[in-house]
Amino acid sequence: MKEVIRKTCFLLVMILCCCCVDEGVLHAQVQVGSRRLIHFFTFEEREINNFEAMPQFWYETGREAQTAVQSFHLQPMHHEMMERKGYPIFNEVGFDKTNKISGDYSLAMKIKDGNAGVFLEVGAIPVVPNSDYLMTFNVRTEDLKRAYAKVRVFFIDPKGRRIEESVVESEPLRTQGEWTLVKLKLHGKFENAAYLGIAMDVEQPEMQADHLLGRRQIVLEDVKGGAWFDDIGVWQVPHIQVKTQSAVNVVKWPEKPKLNLQIRDLTGHRLRAEVRVYDYLLNEVASQKRIVGGGMPKSWSWDLKLNKLGWYLVEMRIYEQRFYREGSENVPVAWTRSAFLWAPETRMVVGAEGRRFAVLNDAANEENLMLVPEMLEQVGLKVLSMNVWEEEASPEKSNDRYRAIERAANRIYQSGGQVILSLDPLPNILSQSESLDAKQSLLLFQRDESLWRQHVAPMMMRLGQRISNWQIGVTSEPDAFYYDQLGTKINTARESLRTMVPSPNLIIPWGLDQSRPTDVNEKADVTYLLKVTDGIAPDQLEAYLKEWDDARTAYWLYFPSLDATKFRHKDRVADLTKRMVYGWKQNPEAMAIHEPWTKAAERRQALLPDPILGVFSQVSQLLAGRVVVEQLPLQKGMKGYVFDSSRGGMLTLWDELADGGERELAMYLGESPVLVDVWGNRTPLVPKGGKHHVKIGQVPVFIEGIDTKLAMFRAGFELEPSFIESKQRVHERTIVLKNPWNRTISGYLQIEKPESWKAEPVRHFFSIPSGQKNKLPVKLRFPLSETAGDKLLEAKFRFTADIDYVVDMATPMTVGLEGIDFSATLSLRPGIKEGTIDAVLVCLITNTGLEDVQLYAFSSLQGRRRQEVPVPKLMPGETLMRRFYFEDVGELIQKYPVRAGVREVDGPAVLNQRITYGSFE
């Protein structure tokens, strides 16, 4: 008994150390104490006089059980496990002393061929219906290269039958000689659960049902190796649930979010619940602490008082109250996460514009088919794709699925939407009979019609009369590019569908990084679903879409969202929004995202929205009906696009150089502009000093209610050419103005900045007819000390259009040396003299031109001697380094910048940079 207690304590410590890993938004994490331990298999049974080959309650899979209990063979689960094929009797299964995590023994399975396995006797561990259980297994494998260990847990009903819907299994396990802790949780949502079942196996690889060689494929097996299992714990854990008033966890304004929280615990102990709510940046915005159980209520509601619309994460942690210590690092008994979206009222987008934003759901199960249409309705999205079949579906359940698809489609159609049905994946009964991959529906139609029509026709007769869009191929794995004679295959599929569906339109998944097909008749009802991978930057979309940009090719853009386990939500939100803006510029037929939700880890049927759903739906509301008319010339890194429509103009802004911070942009935008973020929060902009001030960061913002013509006029203000060589001479340039109004505009502009520059003339008068350009010559000169880099030419405009305007405008320009790249870094080090600090400036000079150059590099710091060194004959493509040392800089380096740069040996070109410690300018 002391040994059991010692091992129990050891396991508890291990669980406390190992269970604190975040497994995603919804997967409940459980940490438990010994009072919740129901059963603990140590396999140290010699001390209780078990000298048999197998531990108590455990039996070998695929073999006749060695037991005198007659009722054992009457249990259906026992009979099924003993009759399993592929478990040779010569494999060794039983107690083992060679590998163990503690004590003297473990349970081992050593293979010579085939599989090996054990199962737990029915009735060994009774359970309470509607209760949650956690199983922990210590597993070790050795010499398994093809075979693997696997653990399965499940509930068993009172008649000894496995409840198939309850089965939870581990990933295939190969631990390479190391002990690994495996955790599996059973959610107690089964009223007829009576016992706990466990099966542990070493399994050989099997034939792949979708392998191209079919039954002729060669499957290699391991003929040595094995798996060891030790210290198996079964724990009763609290069931905790967090939900909102919506089954899809989308709450639409003006309704406010309300959390319903529930804890069910069989121990009856008093527990402490801590609930925290975070925004998408993971800033805490609300919290609540509460005592539950032990006579206190176990369920309650919480009306949240949030300031902004958006996506929110909810985390609930449960502690044993008697062991909780304020200010200490307490270990939770259980915790879970949930999420909800607080969405704005949606604008009714009618007609084709409302059908240009789609959600792809090609892994739809029965629960999805019921809930997803409701989720889309809540956020104003109207286009949904669904897979016709499930890969593992049986023919008997086909009609039930078709009815579920019809119900989902009806709800989409009632909102004026559109439905796409995907023929992938094929059901196993169809793919295996034709020796096809389940994701090769295009090849199905190349086979004799008599072989597949009996499977396809009933579905088409039921669904094909209303649905005309049929996807052939898998959204996430477009492979049509690799088919030879693709045009012929598509024509064959189209003609086959036409015998069952009136006017089918084929949707073919395709990679945007794949070249456009040349042998497909694209006028004949074919739409390409172009997958835009994260390897294609948002601003590269235009270049990638050039070969698709003609009137004969219809295409959709599909944007896979960035992996939430690898990227911050802020990065994911910014990336999708930029892709939508750049994609919308190219005028696709539609834009789509894939399954922006996760399944709730609860007993009820529920979906949790991903932040991507809120962003996609809100940005679609802003883009619908609008077109990009101009790009604003802004400071380096800032992007701005002007939209126009019959419902008013809009401006979108973001900063490509933002790294957690924000820059402010000041300009007059119109009489009543409103800032709208990606969640639908609206903030009226109030002018200060005649300008509206907008903070711009990584995530794009939108401004509605702008003066569209003024924004277009601002976008047309340019300096040509905008690059100015850093040479001490007069630079002749042209100021370009464009009139977007439908009448002539007249007035003048006065150049005001940079203040140290000289412009001639300073004031320019203009009169520009509607839709025309005006070019104004200007001469610019800057001082010798001017630094290189990005600048703004700023001017005050006074002119008359439909009203009188007095506005400040700016256009970007760059000062530099053609063919020369210069960079410098400044560092400090202990000085040569004791107690002093020296500065070291390292300059890199690169010739990016086509001819060799001769330069001088220089550097200066106020209070120290100017330094200059030659850079003789720098060849094209060559980079040289020059160092400058300043002794005893002390307080000087804090007060004054270091100036550095290069100048021509025989010429007026001088390139200046100003470097302060910790920055580069």
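When we follow this note's numbering, the leftmost residue of the sequence shown carries the number 317, and every step to the right adds one.
For every residue, glycine included, the Cβ atom is placed at its ideal position computed from N, Cα and C.
The structure presented is a predicted model; accordingly, all values stated were derived computationally and were not measured.
What would DSSP say about residue 1225, mapped onto helix, strand or coil? Position 909 of the sequence shown, counted from the first residue, corresponds to residue 1225. DSSP places residue 1225 in strand when its eight states are reduced to three.
Leaving out five residues before and five after residue 1063 in sequence, what residues of the same chain have Cβ atoms less than 7 Å from its Cβ? For this step, residue 1063 is matched to residue 747 along the sequence shown. Once the five neighbours on either side are set aside, the close Cβ partners of residue 1063 are 1082, 1113, 1114, 1115 and 1116.
Between the beta-carbon of residue 788 and the beta-carbon of residue 751, is there less than 7 Å? Working through the sequence shown from its first residue, we reach residue 788 at position 472. Working through the sequence shown from its first residue, we reach residue 751 at position 435. Taking 7 Å as the Cβ cut-off, residue 788 and residue 751 do not qualify as a contacting pair.
Could you check which residue in 704, 1131 and 1067 has the C-alpha nearest to that of residue 305? Examination of residue 305 is not possible in this model, given that the chain is present from 317 through 1237 alone.
Any contact of the stretch 1027-1036 with the stretch 1008-1015, i.e. 3+ C-beta pairs under 8 Å? no
If the criterion is Cβ atoms closer than 7 Å, does the pair residue 375 and residue 381 meet it? Locating residue 375 in the sequence shown gives position 59, counting from the first residue. Locating residue 381 in the sequence shown gives position 65, counting from the first residue. Yes. Within cutoff.
Determine contact between the stretch 407-424 and the stretch 461-469, defined as no fewer than three beta-carbon pairs at a distance below 8 Å. no
Tell me the DSSP bridge mates of residue 654? As a working mapping, residue 654 is identified with position 338 in the sequence shown. Beta-bridge pairing links residue 654 to 630.
Which first and last residues belong to the beta strand (DSSP E) in which residue 729 is found? By one-based count along the sequence shown, residue 729 stands at place 413. Premise fails: residue 729 lies in the alpha helix (DSSP H), 714-730, not in any beta strand (DSSP E).
Taking residue 587 and residue 635 to be in contact with their CB atoms under 8 Å, please state how far apart those CB atoms are, rounded to whole angstroms. Within the sequence shown, numbered from 1, the residue matching residue 587 stands at position 271. Within the sequence shown, numbered from 1, the residue matching residue 635 stands at position 319. Contact holds; Cβ gap of about 7 Å.
Examine chain C for any beta-carbon lying closer than 7 Å to the beta-carbon of residue 715, and answer yes or no. Of the chains in the structure shown, none is chain C; there is only one protein chain.
How far does the beta strand (DSSP E) with residue 952 in it reach, from first residue to last? Position 636 of the sequence shown, counted from the start, is the residue given in the question as residue 952. Residue 952 -> no beta strand (DSSP E), and no H or E assigned at all.
Assigned exposure category for residue 369 - 16 Cβ within 10 Å defines buried: Indexing the sequence shown from 1 puts residue 369 at position 53. So residue 369 counts as exposed.
Output the distance between the C-alpha atoms of residue 539 and residue 595, rounded to the nearest integer angstrom. On the sequence shown, position 223 is the one that residue 539 refers to. On the sequence shown, position 279 is the one that residue 595 refers to. Approximately 53 Å, taken between the alpha carbons.
Is it the case that the Cβ atoms of residue 417 and residue 547 are separated by a distance below 7 Å? For the purposes of this step, residue 417 is taken as the residue at position 101 of the sequence shown. For the purposes of this step, residue 547 is taken as the residue at position 231 of the sequence shown. Yes. Within cutoff.
Ordered along the chain, which non-local residues of its own chain (more than five positions away) have a Cβ less than 6 Å from that of residue 482? Residue numbering aside, residue 482 sits at position 166 when the sequence shown is read from its first letter. Excluding positions up to five away in sequence, the list reads 470, 471 and 506.
Residue 1093: which of 1065, 670 and 1050 sits nearest, CA to CA? By 1-based counting over the sequence shown, the position of residue 1093 is 777. Here the closest residue by C-alpha is 1050.
DSSP three-state assignment for residue 355, whether helix, strand or coil: Locating residue 355 in the sequence shown gives position 39, counting from the first residue. If DSSP states are grouped into helix, strand and coil, residue 355 belongs with the strands.
If you draw a straight line from the alpha carbon of residue 995 to that of residue 558, how long is it in whole angstroms? Here residue 995 is taken as the residue at index 679 of the sequence shown, counted from 1. Here residue 558 is taken as the residue at index 242 of the sequence shown, counted from 1. Cα to Cα, the separation comes out at about 23 Å.
Residue range of the beta strand (DSSP E) that residue 1051 falls in? As a first step, residue 1051 must be located in the sequence shown, where it is residue number 735. That run of the beta strand (DSSP E) goes 1047-1054.
With 16 other CB atoms within 10 Å as the buried threshold, where does residue 367 fall? Here residue 367 refers to the residue found at position 51 of the sequence shown. Counting Cβ neighbours within 10 Å, residue 367 comes out exposed, since fewer than 16 surround it.
CB-CB under 8 Å to residue 906, same chain, minus the five flanking residues each way: which ones, in chain order? Here residue 906 refers to the residue found at position 590 of the sequence shown. Same-chain partners within the cutoff: 671, 672, 673, 674, 699, 872 and 873.
At the level of alpha carbons, what is the spacing between residue 1040 and residue 972? In the sequence shown, counting from the first residue as 1, residue 1040 sits at position 724. In the sequence shown, counting from the first residue as 1, residue 972 sits at position 656. Their Cα atoms are separated by approximately 24 Å.
Which runs of the beta strand (DSSP E), 3 residues or longer, sit entirely within the stretch 529-615? 542-553, 555-559, 566-568, 574-580, 587-595 and 600-608
Rounded C-beta distance between residue 419 and residue 377? I'm assuming under 8 Å. Sequence index remark: in the sequence shown, residue 419 carries index 103 (1-based). Sequence index remark: in the sequence shown, residue 377 carries index 61 (1-based). 25 Å between Cβ atoms; not a contact.
Rounded to whole angstroms, what's the CA-CA distance from residue 1168 to residue 1218? Just pull it up for me. Walking along the sequence shown from the start, residue 1168 turns up at place 852. Walking along the sequence shown from the start, residue 1218 turns up at place 902. Roughly 15 Å between the two C-alpha positions.
Do the stretch 983-998 and the stretch 610-628 touch if we need at least three Cβ pairs shorter than 8 Å? yes
Terminal residues of the beta strand (DSSP E) in which residue 1139 lies: Within the sequence shown, the letter at position 823 stands for residue 1139. 1136-1146 is the span of the beta strand (DSSP E), which, as asked, contains residue 1139.
Could you check which residue in 1128, 1121 and 742 has the C-alpha nearest to that of residue 1107? In the sequence shown, residue 1107 corresponds to position 791, counting from 1. When only C-alpha atoms are compared, the closest one is 1128.
Quick check on residue 753: does DSSP put it in helix, strand or coil? Counted from its first residue, the sequence shown places residue 753 at position 437. The answer is coil: DSSP assigns residue 753 none of H, G, I, E or B.
Can you tell me whether residue 1197 is buried or exposed, with buried defined as 16 or more other CB within 10 angstroms of its CB? Translated into positions along the sequence shown, residue 1197 becomes position 881. With fewer than 16 Cβ atoms within 10 Å of its Cβ, residue 1197 is classed as exposed.
Mind checking whether residue 1242 and residue 1154 have CB atoms under 7 Å apart? With the chain covering 317 to 1237 only, the question about residue 1242 has no answer from this structure.
Grouping DSSP H, G and I as helix and E and B as strand, with all else coil, what is residue 1072? For the purposes of this step, residue 1072 is identified with residue 756 of the sequence shown, where counting begins at 1. The answer is coil: DSSP assigns residue 1072 none of H, G, I, E or B.
Taking C-alpha atoms, which residue in 807, 842 and 795 lies nearest to residue 831? Start at 1 with the first residue of the sequence shown, and residue 831 comes out as number 515. Measuring from the Cα of residue 831, the nearest candidate turns out to be 795.
Could you name each continuous beta strand (DSSP E) segment of 3 residues or more that falls completely within the stretch 365-412, going from the start of the chain to the end? 374-376 and 408-412
Straight-line gap, residue 373 to residue 914 (C-alpha atoms, nearest Å): In the sequence shown, residue 373 corresponds to position 57, counting from 1. In the sequence shown, residue 914 corresponds to position 598, counting from 1. Taking the straight line joining both Cα atoms gives about 38 Å.
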